[in-house]
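Residue numbers (the numbering used here), protein chains in the order written: chain A, 2 to 173; chain B, 16 to 264; chain C, 120 to 518. Have a look at the structure below before the remarks.
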Amino acid sequence: MTLIVRFVLLWALLIGGATLAQAQERSSLLPNVPKATGEPHPEGNEYWRKNHPDLLRHDRNLTVRDGNREIGASLKSCFECHTTTDDQGTVLTSASPDHFCSACHQYVAVKIDCFVCHRSTPDGVDEYEAQAALLPPTSLNDADVEGIVAYLKQGDPVADPPAISKPAEVGQ
Amino acid sequence: MKMPKLNGAEISRRDFLRSGSAVATLTLAPGVTLMAFGGSDAAAGTADAGKRWGLLIDANKCDKDCSACVTACSTENGWKDNGRPETDAQWIRKITLKNTETGRETTMPMMCQHCEEPPCVDVCPTGASFKRVDGIVLVDKHTCIGCRYCMMACPFKARSFVHEPVINQKSDAPRGQGTVESCTLCVHRVDKGGTPACVEACADAGFEAIIFGDLKDPESEISKRLATYSSAALRPDLDLNPGVRYTNL
Amino acid sequence: MERTIYREIKATRRVWELAVVLLAFIGGMLASFFYVEHYGHIVTGMTNQIVWGLPHVFAIFLIVAASGALNVASIASVFDQKVYKPMARMSALLAMSLLIGGLAILVLDLGRADRILIAATTYNFSSIFAWNLILYTGFLGIAGAYLFVQMSNGIPYAVVRKVGLLAFVWRLALTTGTGSIFGWLVARPGYDAAIMAPLFIAMSFAFGLAIFILVTVTLCRLSGRVFGEKLIHRMGRLLAVFVAAVLYFTAVRHLTNLYTAEHAGFERFALLDGGIYTTLFWVGQVLIGGLIPLMVIFHPSFGKTFKAPLVASVLVVIGGFAQVYVIVVGGQAYPMELFPGYEFSSSFGDGAVATYSPSLPELALGLGGVAIALFAAGFGTKILRILPTSLSDANVGQD
């Protein structure tokens with residue numbers, strides 16, 4: 002019994018310590034919402050934070066089913082302003098915890114499957130390279146990185162699955 | 016600011032007016048709103064029930080060694096050859112046809128035939144497989160559960176199942192693991208008044224073997240040609256009235 | 120004739136061992152599911168040509184057998200055969216178990232199994248598949264109700280009979296629906312036949328009874344209960360009738376196809392030069408699943424032994440599996456006639472017989488479904504009073 006109590010206390014201490022350490026690093030326990038570019042939403046951020054699932058769900062049906070492309074909420078138009086980059090200026094995909102969508106969704110542990118089918122960056126960004134850039138810094142030289150990128154592009158998930166083959170699940 | 020209820024029905028159409036887009040609104044009186052969209056009429060509207068989009072493929076003009084339509088489709092829609100033909104997606108493919116009696120060989124592209132009575136739509140348990148009012152047959156990947164019954168039902172093997180995780184898709188052609196997909200007739204281009212990528216590529220390659228148009232409009236190029244020359248629907252025995260027609264088989 | 124007493128089976132060492140083995144298979148099924156979910160269906164043998172593979176063979180076999188397993192109860196309450204009455208509870212339980220096992224495979228094989236709620240809430244009523252979802256859930260409900268009224272005290276037998284009749288009609292509808300999944304696929308020459316529905320019904324009678332015999336005799340052995348010699352031979356003779364019916368409908372199906380020139384190509388493939396599918400048809404279905412069981416059951420000396428109906432049941436299960444494999448996979452392997460009168464080819468396997476090699480994840484998924492069915496049946500008899508303390512000939516009587 003005492004063993005269990007001790008174990009629980011130890012566990013609580015560990016979690017508390019880790020949280021505090023993180024809090025000091027980030028100065029807040031709330032998620033870091035990446036800054037957007039462009040004009041702010043006229044409806045206000047609160048409105049979009051609360052309603053974006055319904056807006057997206059509603060409008061996706063207008064586009065897919067009725068062919069209406071003049072809609073207010075689409076992932077494509079989200080990324081016109083809400084593209085996240087890291088310090089080096091590399092565009093982040095949803096695989097990164099700092100991606101605009103992932104920042105909150107990972108924080109609240111709500112899994113979204115949008116990016117199983119949709120790209121999580123604007124058109125033109127090479128998501129393979131963006132994901133390769135996510136790998137932890139190693140002693141790899143540029144040639145190695147190029148090799149990995151080339152490997153990912155040709156991709157053979159059966160023989161030897163690459164660690165970042167499925168964007169939606171990485172880093173969660 | 017008063018928040019609308021989160022219930023989907025409570026969010027009115029007006030809430031969806033696009034922010035920062037080329038939409039000008041003018042309120043004349045309470046409840047009466049004028050809207051003007053930028054761009055052409057085609058860009059502003061929704062799928063038009065008065066149209067039926069179709070293709071006419073001339074097998075005589077199709078070059079045996081050309082696959083520009085396939086390449087263009089792949090580039091436009093972001094599906095690609097991973098070197099595994101059994102499982103790789105093929106929205107469009109070249110078929111080589113040999114008359115067993117005469118030995119004459121022809122080639123032609125084969126894709127979703129955009130049937131008026133699509134078997135894939137009939138069998139889909141969730142209604143993810145559907146036909147737009149303008150005749151384009153699509154998969155709504157938001158509701159596709161990946162059961163593949165539509166692939167069992169399609170007489171043309173037009174559909175592919177995404178067997179592997181995908182990234183780096185095109186914004187206009189989302190596609191992902193575990194769902195079924197097929198030729199969309201480049202619906203994102205058609206909605207903006209354009210033509211499918213394969214049609215454009217074939218013309219650019221100098222063959223003009225594929226023409227695109229409105230089958231319901233008697234003045235369209237495709238209707239005129241269909242009225243003048245003999246053409247065939249594939250599997251006429253099934254009476255599916257496909258939107259894709261072939262000549263000079 | 121004594122009163123039938125129903126008792127739970129005891130948890131002996133053998134029962135536990137079996138349970139652990141079955142749970143291991145169910146674990147394998149889950150492992151396979153997560154593996155395929157993660158890497159995609161690329162790790163299975165299924166392709167864009169063979170879109171339904173081994174998991175679907177297992178699933179359809181189990182679902183067809185499920186409706187057949189309910190027959191024993193129907194024979195008892197709808198057709199009033201007293202001998203079958205003590206086994207009616209077991210029949211309803213096994214029917215539900217087999218269906219759950221089959222459906223588990225189907226669901227876990229979906230490309231997007233995480234969207235099962237969409238399948239449950241969004242219906243396209245022109246889809247026979249969607250109708251089947253209703254038929255399946257309805258079957259579970261009705262078989263459950265059937266079991267409930269049988270096991271409850273004080274419910275008049277007339278009510279049991281009425282529920283039994285409903286269950287019987289429902290199970291016919293269910294197998295018709297399952298057969299129509301294939302029968303209504305007009306595009307494929309291997310399917311497209313109204314006779315698929317009655318053929319599936321005959322198959323369900325045979326597979327269901329065979330599995331019922333095997334499972335019930337095994338459970339009786341495990342719990343040290345008697346299974347009457349006359350009873351098993353009676354069931355064996357019934358099985359022979361069902362097996363003959365399957366052969367009959369199969370023959371009619373192929374003869375009809377042979378008569379129409381349009382289907383001659385497919386018949387040639389199925390009966391003559393289809394390689395594995397031809398072999399599975401003649402050796403698997405016709406010989407192992409049809410003729411040999413008939414010979415075993417009616418053999419003048421071996422047919423009299425207790426073993427004979429059991430051997431016949433095992434053969435019917437093997438042959439039935441081969442038959443479903445030929446229908447599901449063989450029907451897809453044969454190319455569709457896109458251009459009658461032409462030879463045609465493409466990078467997508469048009470005009471060519473598709474190849475299929477099942478993979479381990481598919482096998483694990485299928486066997487897991489079988490394990491779920493068997494575990495559920497065993498678990499049911501362990502916690503509920505399903506199985507009679509004795510199925511001896513003296514107990515069940517003769518009529």
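Positions of the beta carbon are idealized from the N, C-alpha and C atoms, including for glycine.
C-beta neighbour in chain B for residue i, strict 8 Å
| i | result |
| --- | --- |
| A/Y152 | no |
| A/V117 | yes |
| A/Y108 | no |
| A/N46 | no |
| C/T375 | no |
| A/N33 | no |
| C/T241 | yes |
| A/E147 | no |
| C/Y453 | no |
| C/H418 | no |
| A/V65 | yes |
Beta-bridge partners of residue i, as assigned by DSSP
| i | result |
| --- | --- |
| C/P507 | C/Y125 |
| B/T262 | B/D73 |
| B/C130 | B/P257 |
| A/T175 | Since the first residue shown for chain A is 2 and the last is 173, residue 175 of chain A is missing from the structure and cannot be characterised. |
| B/E196 | B/S175 |
| C/S193 | None, per the DSSP bridge assignment. |
| C/F346 | C/L510 |
| B/A247 | B/Y261 |
CB contact check: residue i to chain C, cutoff 8 Å
| i | result |
| --- | --- |
| B/N114 | yes |
| B/S89 | no |
| B/L70 | no |
| B/H129 | no |
| B/W93 | According to the sequence as given, residue 93 of chain B is Gly; it is not Trp. Not an interface residue. |
| B/Q184 | no |
| B/K76 | no |
| B/C213 | no |
| B/A168 | yes |
N-terminal and C-terminal residue of the beta strand (DSSP E) that residue i is part of
| i | result |
| --- | --- |
| C/Y461 | 461-465 |
| C/S342 | Run containing C/S342: none; DSSP gives neither H nor E here. |
| B/V152 | 152-154 |
| B/G228 | 225-229 |
| C/S186 | Premise fails: C/S186 lies in the alpha helix (DSSP H), 173-188, not in any beta strand (DSSP E). |
| C/S245 | Here C/S245 belongs to no beta strand (DSSP E), and DSSP marks it neither H nor E. |
| B/S144 | 144-146 |
From the options, residue whose alpha carbon lies closest to that of residue i
| i | options | result |
| --- | --- | --- |
| C/L479 | C/V155, C/W135, C/V140 | C/V155 |
| C/R126 | C/R504, C/L510, C/N514, C/D512 | C/R504 |
| C/V334 | C/G221, C/R132, C/I502, C/V489 | C/V489 |
| C/F324 | C/L341, C/L293, C/V305 | C/L293 |
| C/I330 | C/L429, C/L222, C/V170 | C/L429 |
| C/T297 | C/I128, C/V436, C/F258, C/G230 | C/F258 |
| B/I77 | B/W94, B/K109, B/C88, B/Q105 | It is Cys, not Ile, that sits at residue 77 of chain B in the sequence shown. Closest option to B/C77, Cα to Cα, is B/K109. |
| C/P317 | C/A370, C/V282, C/G283 | C/A370 |
| C/T508 | C/L285, C/G347, C/W289 | C/G347 |
| C/V447 | C/M315, C/S342, C/S151 | C/M315 |
| C/W401 | C/Q442, C/L457, C/F267 | C/Q442 |
| B/P257 | B/L71, B/G60, B/M123, B/V85 | B/L71 |
| C/Q404 | C/A427, C/H160, C/V365, C/F388 | C/V365 |
| B/Q192 | A/R120, A/S78, A/S29 | A/R120 |
| A/E40 | A/K112, A/T64, A/F80, A/P54 | A/F80 |
Cβ of residue i within 8 Å of any chain A Cβ
| i | result |
| --- | --- |
| B/G191 | yes |
| B/K66 | no |
| B/L43 | Any reading at B/L43 is ruled out, since the residue's pLDDT is 44, under 50, leaving its predicted position unreliable. |
| B/F171 | no |
| B/K207 | yes |
| B/V136 | no |
| B/L249 | no |
First through last residue of the alpha helix (DSSP H) which encompasses residue i
| i | result |
| --- | --- |
| B/S186 | Unbroken run through B/S186: none, as it is neither H nor E. |
| C/F400 | From DSSP, C/F400 is part of no alpha helix (DSSP H); its letter is neither H nor E. |
| A/K51 | 46-67 |
Which ranges would you report for the beta strand (DSSP E) in the stretch 405-488 of chain C if only whole runs of at least 3 residues count? The qualifying runs are 461-465.
Any beta strand (DSSP E) of 3 or more consecutive residues that is wholly inside the stretch 84-126 of chain B: Taking only runs of at least 3 residues, the beta strand (DSSP E) segments lying wholly in the stretch 84-126 of chain B are 107-114, 120-126.
What alpha helix (DSSP H) runs, 4 residues minimum, are completely inside the stretch 228-288 of chain C? Secondary structure within the stretch 228-288 of chain C: the alpha helix (DSSP H) runs of 4 or more consecutive residues, fully enclosed, are 235-240, 247-270 (chain order).
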